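K.L.:
Protein chains in written order, with the working numbering: chain A, 30 to 379; chain B, 30 to 379. For every residue, glycine included, the Cβ atom is placed at its ideal position computed from N, Cα and C. Here the structure is a predicted model, which is why all the values come from computation and not from measurement.
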DNA sequence: TTGTAAGCGTTATCAA
DNA sequence: TTGATAACGCTTACAA
């Protein structure tokens, strides 16, 4: 059995180069403090031994890690994946490393991940939404780790945030739907319990209906998990009602695409028989046929700006508050006024 | 100015509970070694102070981190996102934490990230593909960090791998294309320089052509970066040739969807005027119209199995070699025999 | 410009 | 069952 080789340490390098550990450390961290000739000696030893600093030891001795942690609900959702990629690129360009964890939309797992990332020395945290237990805020405070909330804008909360106003944006879209003449509206939403974005969006629909004098109380809503198939199922149930809706407003594009797919199965024309709208404007939205009318969210821009904001907070350059980004409607084919036929069926005439 | 509060340490907890640091440590790591009454005292202090262990210190003193690192080309690509999500879920269920980094398809960045993850104490690494400089393998060896390659199967390489045979799978698909009667075939591929999966897939197309006695040498190939628009542009160039292809084989689904989109713009019918195929079988493949004929890759299964394999290696339970997964063809509408019209135009008859 | 040496917060070995 | 105490690998005054 070969002797269990153990990774080379600063000490090994120092010995190989015939200098002290302090000098090696300086070579690595502030090279200009050490003279050229010794620096070369040291660097050669570093290369020769394949030395790599022990992060833990460094974090222990210094007090910074240049690490940012991010916890997103899931990596499978394209909207987070995109924003996160931009977030990480921006971090990297500023000398920070990103640690990612995912919570599967569960607050208990999120809390566990927050603790894990903090104990790993994250200098700052990126979180999604404002729904979580109060104990974790206390924890973040005692640990003195700043956090930034993304994908939502809410200036009433304690944590700084960057994103858009989900409620306002969805309200704007719903108003268009109402303006076009739709009266029988239904909603397919992501599960709202641990998801304030979903909640706000539904609230936005209600706002628009109430403003138009419609009955927001009895708005049919189906909550479901994230996925095309889930959207399809929900749509199926909705259209099976005695008096089906003429417009189905979906909480995100993936659910909307599922709805459109199911419409095809049911032999329904979109938007002729029923209109469908989404939210997020992911690539899928322009691929599906008919293309989806949806709310465009600037994911990459949000990710990059979140990175800059968080670094500024970490480095105490600023104490940011909430930053609002615009999310505007993209009109495409999936939304149109209700057809005369369905309109008639809706009225008391027939 | 408030006194800069610093996070509580083991020592603080020990003092608050009136015990030694050793006891607190034991409470946290092997609770059954300490008697109930003291354990409660300690735990209360832990909660009270909001104590959280310092990961770096722990990694320094113990020698394990229960952390696995993964470096993927990009998080924006749905195929990696899916597999990675499964990978992380499996790791979590086995008590490991996942650290993710992305390389933007660049070997130099990948090397940097490998070093970073290793110095952070990753017990093992998940890598994509076999293309990287030799120095990094030496590094992994001296650091004694095991690595597993995923998304590709290659038993000739030193590192263990889990995935499918890209060349063989693409060859199978290309053979079907040839069998249907296509003679003028073109390829849209991801950049091949730092991507052995892309290379193998193109090789697979060549294999099929050669086997059928076609001229694989002059196979038109356009290399491009990942993205729907890039696929569309490449398709545009391909169809602008004096003698356009009757079948366009794409290296992945995203490029293929771009091709189909562009076909619509050009007024070409798929598959009537030109057939298009993909690779990966992501959700997009069934959404696009016509639905994409493609190679199905079991992403989630691969991710989960990769996790189990890697943990086994890390814990020295096994010394795994290459594991091959099946990737089978999904026939959908985007592929059909070439139409008589195009066939005529191709032949010497007209 | 370089070296010495005192921590940093844990874990683990030994004694008690 | 608990407590001292010596690592662990690195950074950073402070000295030389």
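By Cβ distance, which residues of its chain are closer than 7 Å to residue 33 of chain A, with the 5 residues on each side in sequence left out?
P.N.:
Because residue 33 of chain A carries a pLDDT of 46, less than 50, the predicted location of this residue cannot be relied on, and no value is offered for it.
K.L.:
My guess is that residue 306 of chain B and residue 359 of chain B are in contact by the Cβ rule of under 8 Å, so how many angstroms apart are they, rounded?
P.N.:
The pair is not a contact, with the Cβ atoms about 10 Å apart (cut-off 8 Å).
K.L.:
List the endpoints of the continuous alpha helix (DSSP H) containing residue 289 of chain A.
P.N.:
Looking at the DSSP string, the run of the alpha helix (DSSP H) that includes residue 289 of chain A is 282-295.
K.L.:
Closest Cβ-Cβ distance between residue 43 of chain A and chain B: below 8 Å?
P.N.:
Taking Cβ atoms only, chain B never reaches closer than 8 Å to residue 43 of chain A, which makes this a no.
K.L.:
Please check if any C-beta of chain B sits within less than 8 Å of the C-beta of residue 150 of chain A.
P.N.:
Yes, its Cβ sits closer than 8 Å to a Cβ of chain B.
K.L.:
Roughly how many angstroms separate the alpha carbons of residue 75 of chain B and residue 47 of chain B, rounded to a whole number?
P.N.:
Rounded to whole angstroms, residue 75 of chain B to residue 47 of chain B spans 12 Å at the Cα level.
K.L.:
Keeping to the same chain, check which residues put their C-beta closer than 6 Å to that of residue 456 of chain B; ignore five residues upstream and five downstream.
P.N.:
Any property of residue 456 of chain B remains undetermined from this structure, which presents chain B solely from 30 to 379.
K.L.:
Check distances from the C-beta atoms of the region 91-105 of chain A to those of chain B and list, in chain order, the residues that come in under 7 Å.
P.N.:
Hits within the stretch, in order: 103, 104, 105.
K.L.:
Is residue 342 of chain B helix, strand or coil when you go by DSSP?
P.N.:
The answer is helix: DSSP assigns residue 342 of chain B an H, G or I state.
K.L.:
Is the distance from the Cβ of residue 249 of chain A to the Cβ of residue 271 of chain A below 8 Å?
P.N.:
Not a contact, by the Cβ cut-off of 8 Å.
K.L.:
How many Å lie between residue 158 of chain B and residue 227 of chain B at the Cα?
P.N.:
Cα to Cα, residue 158 of chain B sits roughly 10 Å from residue 227 of chain B.
K.L.:
With residue 382 of chain B as the anchor, note down where its alpha helix (DSSP H) starts and where it stops.
P.N.:
Lying outside 30 to 379, the shown extent of chain B, residue 382 of chain B is not represented and no answer is given.
K.L.:
Using C-beta distances below 8 Å, list every residue in its chain close to residue 196 of chain A, excluding the 5 sequence neighbours before and after it, in chain order.
P.N.:
These residues qualify, in order along the chain: 229, 230, 232, 233, 236.
K.L.:
Which word fits residue 151 of chain A, buried or exposed, when buried means at least 16 other C-beta atoms lie within 10 angstroms of its C-beta?
P.N.:
It is buried - the Cβ of residue 151 of chain A has at least 16 other Cβ atoms within 10 Å.
K.L.:
According to the neighbour-count rule (16 or more other Cβ atoms, all chains shown, within 10 Å of its Cβ), is residue 328 of chain B buried or exposed?
P.N.:
Buried: at least 16 other Cβ atoms inside 10 Å.
K.L.:
Step through the CB atoms of chain B and report whether any lies within less than 8 Å of the CB of residue 259 of chain A.
P.N.:
Not closer than 8 Å to any Cβ of chain B, the Cβ of residue 259 of chain A fails to qualify, so no.
K.L.:
What residues match up with residue 96 of chain A in a beta bridge as DSSP calls it?
P.N.:
Bridge partners of residue 96 of chain A: A/126.
K.L.:
Buried or exposed: residue 35 of chain B, going by 16 or more other Cβ atoms within 10 Å of its Cβ?
P.N.:
By the 10 Å Cβ count, residue 35 of chain B comes out exposed.
K.L.:
Check each residue of the region 273-300 of chain A: if its Cβ is closer than 8 Å to any Cβ of chain B, include it; give the result in chain order.
P.N.:
Under the 8 Å Cβ criterion, the region 273-300 of chain A contributes 286, 290.
K.L.:
Mind pulling the chain B residues with CB within less than 7 Å of residue 145 of chain A?
P.N.:
In chain order: 126.
K.L.:
Count the other CB atoms within 10 Å of the CB of residue 122 of chain B; is the residue buried (16 or more) or exposed (fewer)?
P.N.:
Residue 122 of chain B is exposed by the Cβ-count criterion.
K.L.:
Taking the Cβ atom as the reference point for each residue, do residue 41 of chain B and residue 89 of chain B lie within a distance shorter than 8 Å?
P.N.:
No, Cβ-Cβ distance for residue 41 of chain B and residue 89 of chain B is not below 8 Å.
K.L.:
Comparing alpha-carbon positions, which option in A/134, A/184, A/146 lies nearest residue 161 of chain A?
P.N.:
Checking every option, the nearest Cα to that of residue 161 of chain A belongs to A/134.
K.L.:
Give, in chain order, every residue of the region 170-191 of chain B whose Cβ lies closer than 7 Å to some Cβ of chain A.
P.N.:
Residues passing the 7 Å Cβ filter: 171, 172, 173.
K.L.:
Is it buried or exposed, residue 60 of chain B, if we count other Cβ atoms within 10 angstroms and call 16 or more buried?
P.N.:
Classification of residue 60 of chain B: exposed, given that the 10 Å Cβ count is below 16.
K.L.:
Quick one, are the C-beta atoms of residue 299 of chain A and residue 289 of chain A less than 8 Å apart?
P.N.:
Result yes, Cβ atoms of residue 299 of chain A and residue 289 of chain A sit closer than 8 Å.
K.L.:
Please go through the same chain and pick out, in chain order, the residues whose beta-carbon is closer than 8 Å to the beta-carbon of residue 378 of chain A, but skip the five residues on each side of it.
P.N.:
Note on residue 378 of chain A: pLDDT 34, under 50, position unreliable in the model; no value is reported.
K.L.:
Is the beta carbon of residue 171 of chain B less than 8 Å from the beta carbon of residue 125 of chain B?
P.N.:
Result no, Cβ atoms of residue 171 of chain B and residue 125 of chain B do not sit closer than 8 Å.
K.L.:
For residue 49 of chain B, collect the residues of the same chain with a Cβ closer than 8 Å to its Cβ; drop the 5 residues on either side in sequence, then sort them by chain order.
P.N.:
Result list for residue 49 of chain B: 43, in chain order.
K.L.:
Rounded to whole angstroms, what is the Cα-Cα separation between residue 72 of chain A and residue 174 of chain B?
P.N.:
Cα to Cα, the separation comes out at about 23 Å.
K.L.:
Restricting to Cα atoms, I'd like to know which of A/215, A/155, A/342, A/318 is closest to residue 409 of chain A.
P.N.:
Only positions 30 to 379 of chain A appear in the structure, and residue 409 of chain A is not among them; the question remains open.
K.L.:
CB-CB under 8 Å to residue 206 of chain B, same chain, minus the five flanking residues each way: which ones, in chain order?
P.N.:
The answer, listed in chain order, is 214, 237, 276, 278, 304, 306, 364.
K.L.:
Can you name, in chain order, every residue of its own chain whose Cβ lies under 6 Å from the Cβ of residue 80 of chain B, other than the five neighbours on each side?
P.N.:
Excluding positions up to five away in sequence, the list reads 37, 42.
K.L.:
Roughly how many angstroms lie between the CA atoms of residue 39 of chain B and residue 69 of chain B, to the nearest whole one?
P.N.:
Taking the straight line joining both Cα atoms gives about 16 Å.
K.L.:
Quick check on the burial criterion: 16 or more other C-beta atoms within 10 angstroms. Buried or exposed for residue 253 of chain A?
P.N.:
Buried, since its Cβ has 16 or more Cβ neighbours within 10 Å.
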